[in-house]
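Chains as they are written, first to last, in my numbering: chain A, 1 to 307; chain B, 1 to 307; chain C, 1 to 307; chain D, 1 to 307; chain E, 1 to 307.
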């Protein structure tokens, strides 16, 4: 147990030892084991965007076993997916990579201006599948957000009692925001803060832009000269918003991007004090060797082995 | 136990032996026993479309015993129906054909653009009636779909704990789709994928057309040159979407059709790697002898005894 | 146990001794211990208004430990916050300051004319975190108010059974009111009364203006010559509305204000027979030393050590 | 919060902050607040031995309020009693002294060689009465002990989940022991260890004699030269048995004794590293002034104010 | 994941992936990780025999943290202990060594010819403490055995549903056996078989003697010439009894022994196809360095690094 992991665990004083054990399993797995940094492989894209759109660019990824293997081979800390994908590999890969069961999901059959999520798994499912934790998406900005917060928190209470960790994907979206506002720095910080207040152990947000969405926030950011010019500065601000760096926040980029873009984002996360990356489309939509190499480079940057 | 059935069972590693036992009962019953192929007789038409419309073309079919007898005589793998129909024959035909209790149903008393389903049975009902599994319909495309997914998954969790199998009829419908989109190839693949992610063991979809509904999907299908020209190719693509052929998918045609149409669809399912057919109206709306002959031909095609 | 605290406890004759014990803990903690007066530190601003807007003026306040320390150092009676903030310090500061878990919260992702609140904590959470009570916000004036009253009361029933106290933030807001009406004297008194009728032990309202919002009320106020000219008179009237001073009511000011404004409000609360202040933004958005001095002065006024 | 109390709380890493809060309330109350030492007043004598025998020597002690007042006046850390006694004063003395609800009791209507205990209260009772914890007696040595351990542990699990502390009175008694063995040093250490293994936060045992009861133990004590000659040495050994001093153990003497005997026992507890005394009969069977003086002297010894 | 561990997991086809995950955690931890062999440190001796008798030979072992450290330092696969001992270290050592919560315990306060066990923990305790499994003792031979089997199996059912593993200590004892019979080869094999039939994943028995206790068994053993002359042969026979080596069986020796005796027993376990050792008294009653060396040698023998 490294000092850094011990320090991180110390921030979660209200959790039982079971939850700390599962958190330490996540932090002590893969090539980033013990560093306090994480790279997580999430594959809910098939549910969220449709299987053809998600996997046709790299057809082996239609097979649920592919993602277990990719996460293991690349040395990721964990693999997060909906019920069906985990059920399809949990026995075969039992104990080989920490699993996070996504307990809610959304599809693209509807053009809702105020999206919601379906509950697609349970805490009991997570235990029977051997997961270290459960995950949820919330949509700050949606008219359904208050109800979502309530559902997520109730399931999170159950999960914590059973010694599982809680991961919240906080994705601002809905009629309460402009399109640009979804990744605005103030909104992203706010989204991370809400997830932390709902009791998340690990928070996932998108990398923020320099745009400020809410007028009342803008006044304060300008008056207080909150530095948000560079991506690293924005990551640092999000970390502040997440209990002053005392909650684990990991970042995703956007849709498929060039390798160099991704790696420069990883460097900004590192420089801003972020805890790591969650890389979905940019891994499983590449050919396996390319994905392993890209994830390996991200890991190398977090390990300080590569600039 | 054939190698093929053993292989199929191996895909369901998160299920308990009870569920595997029931799945093997389905796969090892009837004239397709052991082949890994299935022809299932579903009769929820009376509930879904009204009894006169469903059974007047072949009045003996008003009698619930008729469908048990038809399924048995034709050598189907199983028979699926709502609560009342199964209750009306389960004692008399106990042990003669695997039963699937449809746990939700919809009627035509309303012209909803966003249909939903009533919960019309329970897992306990399925156990007391000796069923091998339970079935559900979901409507991807309906504004109620997220709530439907949640209800289905919760009942599926119960069913699996008790050793039952879960069959999902995934029927895209509702305001999130054009009429043509209901059977679009991208939508059908997506619908099969969602059912698989919700934990279905057996998935039932309609045979897809070559239409592509969602713009974001079209771009990928075109760029990646996903072959969807022939029906067999489309079946193959749907199978990919269902965990790369590691979930059982069976197909239905549309409304009453000519025999030859049906059989050529069966050949396309076979050629595309589908697992079989679910033939309702096209069986019970024909005279019994015709239905038995038609089902027998479909079975013969799947058995490789007929081209 | 002072006579005054004993008297206050005597007003809560339907509560069990567990609730009285926790109420006495709140009344007997900090520099106002035993006086029957309270100064409470509430920090749900991060959730309600966003973290940047709340904490950028005083960055150490991003850290959840900061607020525990501030409440302890300033000698407040208690500290109230949402789940995440309490979870992040409850072990480290166990037993050092009475805690109130805010069980519902609202954010600013939406411009609802009729705001509602998400349920963000449970009575069980309050017990496992060692809280003396739970808190809720209601919005008299919102179209959702009746449902909010129902939810709050149901949770309050649970809380009382477990010996916890119930604090209600009663904030008139929504389509049923004019903007000016939100702090009108008749509305504020009404809001306090509703909270008392819902069973609150401690009620938190905003300092009222002399505006009278509801015509029917105005007639009576004018006819009966209810004195509402000075702030102290208005506080006195709110206290009447709260069961003729037999319920604890504490008051907040508005957004960040000058020190002298705040202290003159404290004097009006004292003169009007109010029980104290709940000071959020005006404490944690100041530098720590300034906040401690300001809270100290408010306490000194309530203690009669300062005019 | 003193360093010593903080250190003690750190030993209970598997408990939630609620339990730590209640433990800190016990450790921070009365004249020993903050020292890490405790003097607790237990009054279950009326139930255990009969009221006349218990209270006739000091008739005011028939009144349940008497014991609250005695505990408060003497500056004890807490007061422990059965349901009825606590119900009779919990409202009147709410918040004035930490309460421990004894959840099981035994009477003298029977001369069992293998005593058992009746369950006479619940965790819910403890919450509604405002207690910091619950207490149980176990009888290692009784033929019923295994069942007692099971009942106590199950209730303790409930109590801990609700944030209460668990106190176990571990009183060897029954057919598995000689009379002399009930206070034997090996048996007392063993009894303390069992209570700790059952998850007690605070353990209460009798002051041990130098007798060694179990032959197998005697061999080891002699071979390893475990020092048990003086009372302080025996206290030290019991503390070792209680997780090497990482569990709070408090000691009682026997039946009514001379003041000087009691104080010399207190000195031995102090010298042996014990956490304090639980003084029942020797306080409430004396006249109030005498009892207050005696308890005061015990406290003074623990505080180092008196030799 | 080694081939051997994969093979072992394949024997537990009725368990869910959660249980396989926890079993793989046990098999993949410590210096024997991946070999399929195990050395487990059990410390319930304090409860079972008394703390003085258990820990006086090596006083640092009174401290519950000592055993966590010993298990970690020696590279054991896991550490098994009663509730109190695990509670006292589970937070501090979260994630550092797989834990097994012993759910029942027995003490020496009684000379029962038919011993029983108290239930001293729950499956929920195991989850909140982050354990990989739960453990139980049964006493085949005791008049209480049938009830014990029932209690253990019911708790095991719960544990398996939550993804935990089940370890059974099968210790023949009681009026149904002679003293010599407790370790008889027929009885030991029988005890292992009963544990396997009760659904244990891991079985712990004592090393058997060549004595045959039951006459009916003796006839068959003699007729079939079951080889039980050497210790390795007897281990091999016990493995046969445990589902022909398809259940994990580990062996303990008796009371404190010479190092060479222990190591020659380890060799016999290895030669007989046993899965490993559970070494309690012979580790924690030695000085730490000696214990680490001894456990290291046992591990080296199992690893094939030492003869």
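Quick reminder that beta carbons are idealized off the backbone N, C-alpha and C, glycines included.
- Paired residues, beta bridge with residue 42 of chain A - DSSP: In the DSSP output, where bridge partners are listed per residue, residue 42 of chain A has A/80.
- Reducing DSSP to helix, strand and coil, say where residue 19 of chain C ends up. DSSP places residue 19 of chain C within a helical segment (H, G or I) once states are collapsed to three.
- Candidates A/198, A/111, A/11, of which the one nearest residue 89 of chain C by Cα: Looking only at A/198, A/111, A/11, the smallest Cα-Cα distance to residue 89 of chain C is reached by A/11.
- Which of helix, strand or coil DSSP assigns to residue 14 of chain E: DSSP, reduced to helix, strand and coil, places residue 14 of chain E outside both helices and strands of the structure shown, so it counts as coil.
- Query: In its own chain, which residues sit with a C-beta less than 6 Å from the C-beta of residue 68 of chain A, not counting the 5 before and 5 after it?
  - Reply: Its chain contains 89, 93 as the residues whose beta carbon lies nearer than 6 Å to that of residue 68 of chain A, once the 5 sequence neighbours on both sides are disregarded; these appear in chain order.
- Query: Do we get a CB-CB distance below 9 Å when we pair residue 131 of chain E with the residues of chain A?
  - Reply: Under the 9 Å criterion on CB atoms, residue 131 of chain E is classed as interfacial with respect to chain A.
- Looking at the unbroken beta strand (DSSP E) that takes in residue 68 of chain B, where does it start and where does it end? Careful: residue 68 of chain B lies outside any beta strand (DSSP E), inside the alpha helix (DSSP H) at 64 to 74.
- Task: Quick one: grab the DSSP three-state call for residue 159 of chain D.
- Result: Residue 159 of chain D: helix per DSSP, three-state reduction.
- Message: Does residue 124 of chain D come out as helix, strand or coil in the three-state DSSP assignment?
- Response: Under the three-state reduction of DSSP output, residue 124 of chain D falls in the helix class.
- Task: Report the neighbours of residue 90 of chain C on chain D: residues whose CB is nearer than 7 Å to its CB, in chain order.
- Result: Correct list: 17.
- Message: Using the three-state DSSP reduction, which class does residue 54 of chain D fall into: helix, strand or coil?
- Response: Annotated three-state conformation of residue 54 of chain D is helix, per DSSP.
- Interface positions of the stretch 93 to 106 of chain D facing chain C (Cβ-Cβ less than 7 Å), listed along the chain: Going along the stretch 93 to 106 of chain D in chain order, one finds 94, 95, 96 with a Cβ nearer than 7 Å to chain C.
- Would you mind listing the beta strand (DSSP E) stretches within the stretch 128 to 154 of chain C that are 3+ residues and don't spill past its ends, in chain order? Counting only runs that start and end inside the stretch 128 to 154 of chain C, the beta strand (DSSP E) elements of at least 3 residues fall at 133 to 138.
- Message: What residue range does the beta strand (DSSP E) around residue 276 of chain E cover?
- Response: Note, residue 276 of chain E: beta strand (DSSP E), 276 to 278.
- Message: Against chain A, which members of the stretch 23 to 55 of chain E pass a CB distance test of less than 9 Å?
- Response: For the stretch 23 to 55 of chain E, residues whose beta-carbon sits nearer than 9 Å to a beta-carbon of chain A comprise 23, 24, 25, 27, 28.
- Query: Closest Cβ-Cβ distance between residue 70 of chain C and chain A: below 9 Å?
  - Reply: Interface criterion not met: the Cβ of residue 70 of chain C is under 9 Å from no Cβ in chain A.
- Message: According to DSSP, residue 118 of chain A sits in a beta bridge with which residue or residues?
- Response: Residue 118 of chain A is bridged to A/105.
- Ignore the nearest five residues each way along the sequence and tell me which others in residue 194 of chain E's own chain have a CB closer than 8 Å to its CB. Taken in chain order, the residues that qualify are 138, 140, 149, 170.
- Query: What is the rounded straight-line gap between the Cα of residue 309 of chain D and the Cα of residue 163 of chain D?
  - Reply: Past the boundaries of the shown model lies residue 309 of chain D; chain D is included only from 1 to 307, so the question cannot be answered.
- Task: Pick out whichever of E/81, E/166, E/91 has its Cα sitting closest to the Cα of residue 102 of chain E.
- Result: Answer by Cα proximity: E/81.
- Message: So residue 196 of chain A contacts chain C; which residues on that side make the cut at Cβ distance below 7 Å?
- Response: Scanning chain C for C-beta atoms nearer than 7 Å to the C-beta of residue 196 of chain A yields 84, reported in chain order.
- Message: Three Cβ pairs or more, each shorter than 8 Å: is that satisfied between the stretch 205 to 213 of chain D and the stretch 178 to 197 of chain D?
- Response: With a cut-off of 8 Å, the stretch 178 to 197 of chain D and the stretch 205 to 213 of chain D count as touching, because enough Cβ pairs lie within range.
- Item | Within-9 Å CB hit, residue 316 of chain C to chain D | Since the first and last residues shown for chain C are 1 and 307, residue 316 of chain C lies out of range.
- Item | Assumed close pair residue 142 of chain C, residue 173 of chain C - CB separation to whole angstroms, cut-off 8 Å | Contact holds; Cβ gap of about 6 Å.
- How about residue 6 of chain B: is its C-beta nearer than 9 Å to some C-beta of chain A? No, no contact with chain A.
- Going along chain E in order, which residues have a C-beta closer than 8 Å to the C-beta of residue 128 of chain A? Counting only Cβ-Cβ distances below 8 Å, residue 128 of chain A has contacts in chain E at 16, 17, 18, 161, 162, 163, in chain order.
- Message: Measuring straight from C-alpha to C-alpha, what distance separates residue 253 of chain A and residue 74 of chain A?
- Response: Between the alpha carbons of residue 253 of chain A and residue 74 of chain A lies a gap of roughly 18 Å.
- Message: Could you tell me which whole alpha helix (DSSP H) segments of length 4 or greater appear in the stretch 227 to 282 of chain E?
- Response: Counting only runs of 4 or more, we get 231 to 241, 259 to 271.
- Query: Which class does residue 204 of chain B belong to by DSSP, given the choice of helix, strand or coil?
  - Reply: Here residue 204 of chain B sits in strand by DSSP.
- Query: What does DSSP give as the partner residues of residue 99 of chain B in its beta bridges?
  - Reply: Looking at the DSSP assignment, residue 99 of chain B forms a beta bridge with B/79.
- Message: I'd like to know whether the C-beta of residue 13 of chain A is nearer than 9 Å to at least one C-beta of chain D.
- Response: Cβ-Cβ to chain D under 9 Å: yes for residue 13 of chain A.
- Message: Once the 5 residues before and after residue 261 of chain B are set aside, which same chain residues still bring their CB inside 8 Å of it?
- Response: Cβ neighbours of residue 261 of chain B beyond the five flanking positions: 253.
- Task: Show which residues of chain D have a CB atom less than 8 Å away from the CB atom of residue 111 of chain E.
- Result: Simply 176.
- Is the Cβ-Cβ distance between residue 278 of chain E and residue 250 of chain E less than 9 Å? Closer than 9 Å, so yes.
- Taking 8 Å as the threshold, find out whether the stretch 47 to 56 of chain E comes into contact with the stretch 127 to 135 of chain A through three or more Cβ pairs. Short answer: they don't touch.
- Query: Beta carbon of residue 283 of chain D, beta carbon of residue 289 of chain D: below 9 Å?
  - Reply: No, these two residues do not count as a Cβ contact at 9 Å.
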